[in-house]
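Colleague:
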Amino acid sequence: MFRIVFVLDIYNGIAVHARGGDRKNYQAVHLSSQVCEISSPCGIIETLNPREVYIADLNILQGEGKNKENIDELKSLSSKSNVMLDVGVERQEDADKWLRIADTLVLGTETASMDVIRKLAARHPGRISVSIDRKNGQLLSKSSDIPENPNLAIEIFNELPLKDIIYLDLDRVGTSSGMDIDMLSRLAKISCHPLLLGGGVRDMTDIAELKNAGISGALVATAVHKQVIPVKQLR
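Counted the way the numbering used here counts, the sequence shown spans residues 37 to 271.
Structure, rendered in structure tokens:
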């Protein structure tokens, strides 16, 4: 079954709208949403009732440290949906506490080294997702042993007991600008793990294209808030 995963970006305890990876200019999601009148993360999840939710803690990802409101929301959300959590994990010792909250921990190439990815995948088989983070056409990574070429990166990740791989195109996040279906199809053929796309998904036609290309799922938010992907598709 193709997975349509709802995305919540949380900042200072509220859900915000992501666009183009510009984390400093996000606005409360209810200001532009056609399906939510509130920006409370728990309230949104209770309203939409998604099967899966991908949560990014922007306070941590922006280097601002932990925010108590965010953590309280995360703990509550974990009982309402299957949670994929991105908190910018950099160190192996940080993972255990987050896996007590989340079903799956997302390790992004932007923050996690290859060594940390390997060790955590071995320690928590089937509970780690790797996000191949790209912006301005380049792979974001602090680790020289993660190849710039996503094809080569996926070949390395094939060796690990991951839950799945996310191809996260930050330039397209929140833009409804479409996707490079040929490139994604090539990546899906290389990957031994389910491959999910984050960024650029416009509507159900795009979902059908992704499915036909061998992609296993998509991270969506903007298209849901615009009602071009029906809320029922999340359930």
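By construction, the Cβ of each residue, glycine as well, lies at the ideal position given by its N, Cα and C atoms.
Small disclaimer: the values here were computed from a predicted structure and weren't measured.
Does the region 99-118 come close enough to the region 141-148 to have 3 or more Cβ pairs within less than 8 Å?
Modeller: no
Colleague: I need the boundaries of the alpha helix (DSSP H) containing S112, first residue and last residue.
Modeller: It spans 104-113 - the alpha helix (DSSP H) in which S112 sits, taken as one unbroken run.
Colleague: Just to confirm the assignment: which complete alpha helix (DSSP H) runs, minimum length 4, are found wholly within the region 176-259?
Modeller: 186-193, 217-226, 240-248
Colleague: According to DSSP, is R127 helix, strand or coil?
Modeller: coil
Colleague: Using the rule of at least 16 other Cβ atoms within 10 Å of the residue's Cβ for burial, across every protein chain shown, is C228 buried or exposed?
Modeller: exposed
Colleague: Using 8 Å as the threshold, is the region 171-190 in touch with the region 244-252, meaning 3 or more CB pairs across them?
Modeller: no
Colleague: For L233, which option in K102, D200, A51 has the closest C-alpha, if you only look at C-alpha atoms?
Modeller: D200
Colleague: Would you list, in sequence order, the uninterrupted beta strand (DSSP E) runs of no fewer than 3 residues that lie entirely inside the region 58-101?
Modeller: Within the region 58-101, the runs of beta strand (DSSP E) at least 3 residues long that lie entirely inside it are, in chain order, 88-93.
Colleague: Since V71 and V260 are thought to touch, with beta carbons under 8 Å apart, how far apart are those beta carbons, to the nearest angstrom?
Modeller: Yes, V71 and V260 are in contact; Cβ-Cβ is about 6 Å, under 8 Å.
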